[in-house]
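The next block holds one structure in the form of structure tokens; read it before the comments.
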């Protein structure tokens, strides 16, 4: 038997079988096409033509199983993306609040430290680029960054309590007390 003979003999039965298992008519048509393609590719593996009907319905059954498996995987992926977007929005919100909180603290530092930290921590410039731009030796700049971060850290710790995850990433912050000297509220 060739593919045309097989398809003319069994297409309507396969379509009925798909309709019994799949609600969406468009999905039925797509799966019927998949079955046709699989039948065409696997036809040389059919050893006994008398078993063609059971062989075709086995292909149809496996195609339906694959269809539902793909739907489940896609649903799980979409759910994970929605959760990921929620988490990213939360993280972005915390970072935005902290950035607004950081500026007054940075501005409370000596001007050279404030400029350095604004460029590197707020604007995201690399230390190497900042060193080249300002003409400071890279090794000297690294020391200045560490010193400035330590000064900033002391100002923060005087006013805020931070929550970090196991990798040290900021998760949340809370002002300790509302004092005029504290810029974070």
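Residue numbers (UniProt numbering): 1 to 185. C-beta: ideal position from N, C-alpha, C; glycine also. The structure presented is a predicted model; accordingly, all values stated were derived computationally and were not measured.
In the three-state scheme derived from DSSP, where H, G and I count as helix and E and B as strand, residue 48 is classed as coil. Restricted to the region 109-142, the alpha helix (DSSP H) segments that are unbroken, complete and at least 4 residues in length are 111-117, 127-134, listed in chain order. Under DSSP, residue 174 forms a beta bridge with 161. Going by C-alpha positions, residue 43 is about 60 Å away from residue 164. Take residue 105, set aside five residues on each side of it, and the residues of its chain with a beta-carbon closer than 7 Å to its own are 152, 155, 156, 183, in chain order. Contact check for residue 59 and residue 38: beta-carbon distance about 5 Å, within the 8 Å limit, so the pair qualifies. Inter-residue distance for residue 65 and residue 49 is about 25 Å (C-alpha atoms, whole angstroms). It is roughly 45 Å from the alpha-carbon of residue 108 to the alpha-carbon of residue 78. Measuring C-alpha to C-alpha distances from residue 4 to each of 63, 36, 15, 93 identifies 36 as the nearest.
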